[in-house]
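Start counting the sequence shown at 1182; every next residue gets the next number (this note's numbering). Report on the following structure.
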Amino acid sequence: MRAFDLIAEEWNERRSTPIPALKFFLPLLPDGAAALDAGCGNGRNARVIARNSRLLYCLDSSEKMLAFARKNLRGIRNVRFVKAGITKLPLPSASLDVAFYMAVLHHLPKRSQNAAFREMARVLKKGGKAFITVWNKDQRKFLEQRSKKQFGVMWKKKDGTNVRRFHYFYTAAELRAIAKRNGMRAESVFYERKGKKAEKKGAYNLCAVFSRA
């Protein structure tokens, strides 16, 4: 994505620690897991995921983000880097035990969403789990856009320019439905704020655990 190439350097400076919601998913990893960090960005979550996995694919469509991931994860021997988007994963079918989609699915327009979930189901083994976070719209910073289903969220750079990042805002019911339609079964859907489960209003993220049916 061009937007993430444009902000990669500043993103790497500002986003160095794992997202708080990761704590809900790590205990669900099976021993010796083959894992995917889809939309890995600069690898902020991958270091922790790799520590709990046998093999981790770090995948991103932004070459510059992936370059920072390679740098930040240098020396971690069970990580493989892949430049690709999430609607066409260059991975074998039924090859993964778990897949992490941390703050990535909301960057896809509606026309691409089914393809992403189909690929998610394809690469997971039967019973394999997908861990998902997408932004929750029902929070103060999005008050003016509450009536909109999708809009651009701006990243203000140090030089004063703004970079528009596309965001689509799922409801919990919508997330369940698209997952079911593409061969995934909902195990848990909840809202999160600062690493704690929360009510929808004011929560930062909508989170889900889906398993391959």
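Here a beta-carbon is modelled for each residue, glycine too, at the ideal position from N, C-alpha and C.
*R1303 versus G1376, N1226, L1254 and S1276, residue with shortest Cα-Cα distance*: S1276
*Tell me which same chain residues have a C-beta within less than 6 Å of the C-beta of R1196, skipping the five on either side of it?*
R1225
*M1335: buried (16+ other C-beta within 10 angstroms of its C-beta) or exposed?*
exposed
_Bridge partners for V1390 per DSSP, in chain order?_
F1312 and S1369
*Cβ of A1216 within 8 Å of Cβ of I1200?*
no
*State the Cα-Cα distance for the pair N1386 and P1273, rounded to the nearest angstrom.*
30 Å
_Contacts around H1287, its chain only, beta-carbon distance under 8 Å, and the 5 residues preceding and following it disregarded_ = V1315, W1316, H1348, Y1349, F1350 and Y1351
_What would DSSP say about D1241, mapped onto helix, strand or coil?_
strand
*Excluding sequence positions up to five away, which residues of its chain have a Cβ less than 8 Å from the Cβ of R1321?*
G1383
*What residue does the alpha helix (DSSP H) around K1382 start on, and which one ends it?*
It is not in any alpha helix (DSSP H) - K1382 carries neither H nor E in the DSSP assignment.
_N1193, DSSP secondary structure in three states_ = helix
*In angstroms with no decimal places, state the Cα-to-Cα distance between K1204 and S1234.*
15 Å
*Integer-rounded CB distance, given that G1222 should sit under 8 Å from A1250*: 7 Å
_Residue environment, N1343, which counts as buried when at least 16 other CB atoms sit within 10 Å_ = exposed
_Taking 7 Å as the limit between beta carbons, can you name the residues of its chain near A1297, skipping five residues before and five after?_
I1267, T1268, L1286 and L1289
*Going along the chain, which residues of its own chain have a beta-carbon closer than 8 Å to the beta-carbon of L1207, five neighbours each way excluded?*
V1229, I1230 and N1233
*In its own chain, which residues sit with a C-beta less than 7 Å from the C-beta of A1389, not counting the 5 before and 5 after it?*
I1313, L1356, A1367, S1369 and V1370
_Looking at the secondary structure, which residues open and close the alpha helix (DSSP H) in which A1358 lies?_
A1353 to R1362
*Distance, Cα to Cα, G1341 vs F1185?*
16 Å
*Given A1358 as reference, the closest of F1391, V1279 and E1190 once Cα atoms are compared*: F1391
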